[in-house]
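Student: Got a structure here, written out as structure tokens. Questions coming.
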Amino acid sequence: MPIDKTPEKNAILFVWFNHYAGVVIKTPSKTLVIDPVDIRARSFPDADAVLITHEHYDHLDPRLIAEIQKATGCTIIADPASTQRLQHVIPPEKLQQIRPSEEIKVGEVSVKAEKCNHPATAPVTYIITSEDGVKVFHTADSLPYPELAAIGEKEKFDVVFCTVGIAPGSSPETGFEIARLTKPQVAVPYHTNSTGYQQEFAEILKKELPRTACLIPELNKIYQVSKRK
Ligand SMILES: [Zn+2]
189 MPIDKTPEKN AILFVWFNHY AGVVIKTPSK TLVIDPVDIR ARSFPDADAV
239 LITHEHYDHL DPRLIAEIQK ATGCTIIADP ASTQRLQHVI PPEKLQQIRP
289 SEEIKVGEVS VKAEKCNHPA TAPVTYIITS EDGVKVFHTA DSLPYPELAA
339 IGEKEKFDVV FCTVGIAPGS SPETGFEIAR LTKPQVAVPY HTNSTGYQQE
389 FAEILKKELP RTACLIPELN KIYQVSKRK
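In our numbering, the protein residues as written are 189 to 417.
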């Protein structure tokens with residue numbers, strides 16, 4: 189499952205690895221792992237950073253994160269509630285708290301937190317900008333919220349991950365609403381164990397937002413997305 193290739197210039201590779209928000213993003217220089225649960229630590233031998241969006245069990249597994257950190261020496265970036273839960277298992281110099289509108293650099297890759305509309309203590313979403321300028325928006329378990337339109341207009345996302353199930357209130361329709369507000373080049377329906385929900389998302393998207401492509405990911409498969417022209 190580790191991504192054993194490097195993306196082309198102006199592209200990123202990604203893998204979705206559980207039924208929740210677990211995603212690995214590989215840029216030409218860095219590997220970022222988001223919300224790892226239900227997976228082995230050795231799946232990420234080249235992790236440079238682990239990003240955590242909120243403290244719910246399907247996103248935060250302190251023992252697993254400690255194992256990944258120990259094996260790779262990577263940095264852990266987390267929302268305030270998760271940071272608190274991690275401070276006893278991660279060396280302080282390797283643990284960085286992030287809040288909406290703050291930015292942390294991982295080498296030349298930018299990790300910026302934004303608001304997340306989800307009933308957790310202090311959840312965040314992540315805007316990841318590769319060294320080539322490829323823009324990924326990992327919206328965690330967020331439901332749509334009005335500011336997404338301005339964020340999308342400013343960032344011009346290449347990829348947006350949209351929750352279509354499991355999280356409270358989420359559905360193919362709320363996932364589509366995130367895509368409609370952010371208008372990415374590619375929208376990825378995730379956080380579900382229903383391919384039916386992913387198909388439903390794809391159908392709404394095709395009808396309502398034909399300029400955004402839908403990429404329905406299979407678990408543990410590698411996908412490449414290039415920067416929009
Ligand atoms: Zn979740």
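C-beta: ideal position from N, C-alpha, C; glycine also.
This one's a predicted model, so the numbers in the text were calculated from it and none came from an experiment.
1. Ordered along the chain, which non-local residues of its own chain (more than five positions away) have a Cβ less than 7 Å from that of G380?
2. In angstroms, rounded to a whole number, what distance separates the CA positions of E319 and S231?
3. Given the structure, does A355 come close to ligand 1, in the sense that its CB is under 6 Å from one of the ligand's heavy atoms?
4. Does the beta-carbon distance from V225 to D249 come in below 7 Å?
5. Go through the region 193–262 residue by residue and report every complete run of the beta strand (DSSP E) that reaches 3 residues or more, in order.
6. Considering I366, what are the terminal residues of the beta strand (DSSP E) in which it resides?
7. CB-CB under 8 Å to T400, same chain, minus the five flanking residues each way: which ones, in chain order?
8. Taking P307 as the reference, which of K344, H244, P377 has the closest Cα?
9. List the endpoints of the continuous alpha helix (DSSP H) containing F389.
10. Please name the residue in I200, F205, D223 whose C-alpha comes closest to that of I213.
11. Just to confirm, are A301 and P288 a CB contact at a threshold of 7 Å?
12. Answer with buried or exposed for K323, where buried requires no fewer than 16 other C-beta atoms within 10 angstroms of its C-beta.
13. Given I292, which residues of its chain have a CB within under 7 Å of its CB, disregarding the five upstream and five downstream residues?
14. Quick check: the Cα distance between P377 and P279, rounded to an integer number of angstroms?
15. Going by the CB atoms, is the gap between V294 and A337 shorter than 7 Å?
16. Could you give the distance in angstroms between the alpha-carbon of D346 and the alpha-carbon of T263?
17. State yes or no: is the C-beta of L252 within less than 7 Å of the C-beta of A229?
Tutor: So, from the listed chains and residues:
1. As a first step, residue 380 is located in the sequence shown; it is residue number 192 there, counting from the start. The sequence shown places Thr at residue 380, not Gly. Same-chain partners within the cutoff: H207, V352, G353, I354, Q386.
2. Stepping through the sequence shown from its first residue, residue 319 is reached at position 131. Stepping through the sequence shown from its first residue, residue 231 is reached at position 43. If you take the alpha carbons of E319 and S231, they lie about 24 Å apart.
3. Residue numbering aside, residue 355 sits at position 167 when the sequence shown is read from its first letter. Ligand 1 has a heavy atom closer than 6 Å to the beta-carbon of A355.
4. Along the sequence shown, one-based indexing puts residue 225 at 37. Along the sequence shown, one-based indexing puts residue 249 at 61. Their beta carbons are under 7 Å apart, which means V225 touches D249 by this criterion.
5. DSSP runs (the beta strand (DSSP E)) wholly in the region 193–262: 199–204, 211–214, 219–222, 237–240.
6. Counting from 1 along the sequence shown, the entry for residue 366 is found at position 178. Unbroken run through I366 is the alpha helix (DSSP H), 360–370; no beta strand (DSSP E).
7. To locate residue 400, count along the sequence shown from 1; it is residue 212. These residues qualify, in order along the chain: A367, K371, P372, Q373, V374, A375, L393.
8. As a first step, residue 307 must be located in the sequence shown, where it is residue number 119. Checking every option, the nearest Cα to that of P307 belongs to H244.
9. The residue you call residue 389 lines up with position 201 of the sequence shown. 383–396 is the span of the alpha helix (DSSP H), which, as asked, contains F389.
10. Within the sequence shown, the letter at position 25 stands for residue 213. Among I200, F205, D223, the Cα nearest to that of I213 is on I200.
11. Along the sequence shown, one-based indexing puts residue 301 at 113. Along the sequence shown, one-based indexing puts residue 288 at 100. Yes, these two residues count as a Cβ contact at 7 Å.
12. The sequence position of residue 323 within the sequence shown is 135, counting from 1. Buried, since its Cβ has 16 or more Cβ neighbours within 10 Å.
13. Within the sequence shown, numbered from 1, the residue matching residue 292 stands at position 104. Once the five neighbours on either side are set aside, the close Cβ partners of I292 are I265, Q284, I286, V299.
14. Locating residue 377 in the sequence shown gives position 189, where the first residue counts as 1. Locating residue 279 in the sequence shown gives position 91, where the first residue counts as 1. One C-alpha to the other measures close to 35 Å.
15. Along the sequence shown, one-based indexing puts residue 337 at 149. Along the sequence shown, one-based indexing puts residue 294 at 106. Cβ atoms of A337 and V294: not closer than 7 Å.
16. For the purposes of this step, residue 346 is taken as residue 158 along the sequence shown, with counting starting at 1. For the purposes of this step, residue 263 is taken as residue 75 along the sequence shown, with counting starting at 1. About 25 Å.
17. In the sequence shown, the residue the question calls residue 252 occupies position 64. In the sequence shown, the residue the question calls residue 229 occupies position 41. Yes, Cβ-Cβ distance for L252 and A229 is below 7 Å.
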